[in-house]
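In my numbering, the protein residues as written are 771 to 1051.
A virtual CB, placed ideally from N, CA and C, is assigned to each residue, including glycine.
One structure is given here, and the rest of the page talks about it.
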Amino acid sequence: MAITFTDIKPLIGATVHAARDELFTAEAAAMIRAKLEERGVLVFPGLGLDDGEQLRFTDLLGGRVKLTRDASSQETDENIYQVTLDPKINRQPEYVLGTFFYHMDGITVDMPPPLATLLSARQVAKAGGETEFASTYAAYEQLPEAEKRAIEGLRVVHSVASSLRVIADAIPEDDRERVMSIGLRNEHPLVWTRRSGRKSLVIGSSADTIVGWPVVQGRALIARLNEWAGQPAFSLRHAWQAGDFVIWDNTGALHRALPYAADSGRLMHRTSIAGVESVAA
Ligand SMILES: [Fe+2]
């Protein structure tokens, strides 16, 4: 059986029909990379990769990058990050709570943003825990021309503090100042123009202020663009089954998890593909 794809929604997403054995060739990887760029999110239902296979596939698609330094009490390979609220595995849940809000991975770190994020569902929540994706390519392309002109040339500051502000009240008080003072921040153009000429918005919960604008005016613009990007035409919700594997273009899509309980058992294994292009005006 050859690898085939079915579009999920007109502007975002494709389901990949392939047997596991067919994925590990350079030819398959090239097809999947091209489709990922075109559709933003690729869903492989029930693929059931183990960690070794996920790492091998990650490398085949572009080369792994380690995003999270502190693996707390994980027992997996250091390049597999376990996304969970289970306190036995994750003693610092704030980052995972932060994933309930639309964001890009690695945008506050001083390196090209990871090209793609790959998630395997090991255990799913009975309630909640779906992942939503919003295309920031479509969000830019579909903006009215006057709005495109109005945001052209703007620069946006992204910070960890901004993405954590919304969950600050949930961090134990004696730990809050330490967590909130994580100083990672990065300034980017609001509109990212790729070498290919394609443009996307660089937004999400880490987007804090617009350079040169009063703080609140800047946040109002960012909030409006985040809402715009999340509208149904540009976004997609995936309800996980154990064994599902999803890849998305982290440079051209926001993602968030619908809330789930700390004792839900939800466990995802994440790998990331190194970025190849810095955010440029
Ligand atoms: Fe994320």
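The nearest non-hydrogen atom of ligand 1 is 7 Å or more from the C-beta of His-1008. Collapsing the DSSP output to three states places Trp-1018 in a strand. By the CB criterion at 8 Å, Leu-924 and Leu-960 fall inside the cutoff. Taking a C-beta distance under 8 Å as the contact criterion, Ile-782 and Ala-909 do not qualify as a contact pair. By the Cβ criterion, the segment 863-879 is in contact with the segment 1020-1038, since at least three pairs of Cβ atoms, one from each stretch, lie closer than 8 Å. According to the DSSP secondary-structure assignment, Tyr-851 is paired through a beta bridge with Arg-1040. In the displayed model, Trp-983 falls within coil according to three-state DSSP, outside both helix and strand. Distances taken from the Cβ of Thr-838 to the heavy atoms of ligand 1 include none shorter than 7 Å. Relative to ligand 1, His-1025 has its C-beta within less than 7 Å of a heavy atom.
The closest heavy atom of ligand 1 lies 7 Å or more from the beta carbon of Asp-880.
For Ser-951 and Ala-789, the gap between their C-alpha atoms comes out near 46 Å. In this structure, DSSP gives Asp-880 a state outside helix and strand, which the three-state scheme calls coil. Of the residues Asp-939, Thr-774, Ala-798, Leu-889, the one whose Cα lies closest to the Cα of Asn-1020 is Leu-889.
Boundaries of the beta strand (DSSP E) harbouring Val-786: 782-787, taken from the DSSP string. Bridge pairing for Asp-777: Ala-784 [DSSP].
In this structure, ligand 1 has a non-hydrogen atom nearer than 7 Å to the beta-carbon of His-873.
Ile-992 and Pro-884 do not touch by the CB rule: their CB atoms are close to 21 Å apart, not below 8 Å. With a threshold of 7 Å, the Cβ atom of Thr-901 does not count as near ligand 1, since no heavy atom of the ligand is closer than that.
Inclusion of Thr-869 in the 7 Å shell around ligand 1 follows from its C-beta lying nearer than that to a non-hydrogen atom of the ligand. Ranked by how close their Cα comes to the Cα of Gly-868, the residues Glu-1047, Leu-1028, Ala-1051, Val-1046 have Leu-1028 in first place.
The Cβ atoms of Ser-932 and Ser-976 lie closer than 8 Å to each other.
Bridge partners of Lys-969 according to DSSP: Thr-963. DSSP places Gln-912 in the coil class of the three-state scheme, outside both helix and strand.
Of the candidates Val-926, Glu-947, Glu-922, the residue whose Cα lies closest to the Cα of Leu-934 is Glu-947. In this structure, Val-926 is the residue among Ile-1017, Val-926, Ile-937, Trp-998 with its C-alpha nearest to the C-alpha of Asp-978. Around the beta carbon of Thr-854, a 10 Å sphere encloses 16 or more other beta carbons of the protein chains shown; the residue is thus reported as buried.
Taking all protein chains shown into account, Phe-794 has fewer than 16 neighbouring C-beta atoms within 10 Å of its C-beta and is therefore exposed. Membership of Arg-803 in any beta strand (DSSP E) is not indicated; the residue belongs instead to the alpha helix (DSSP H) covering 796-809.
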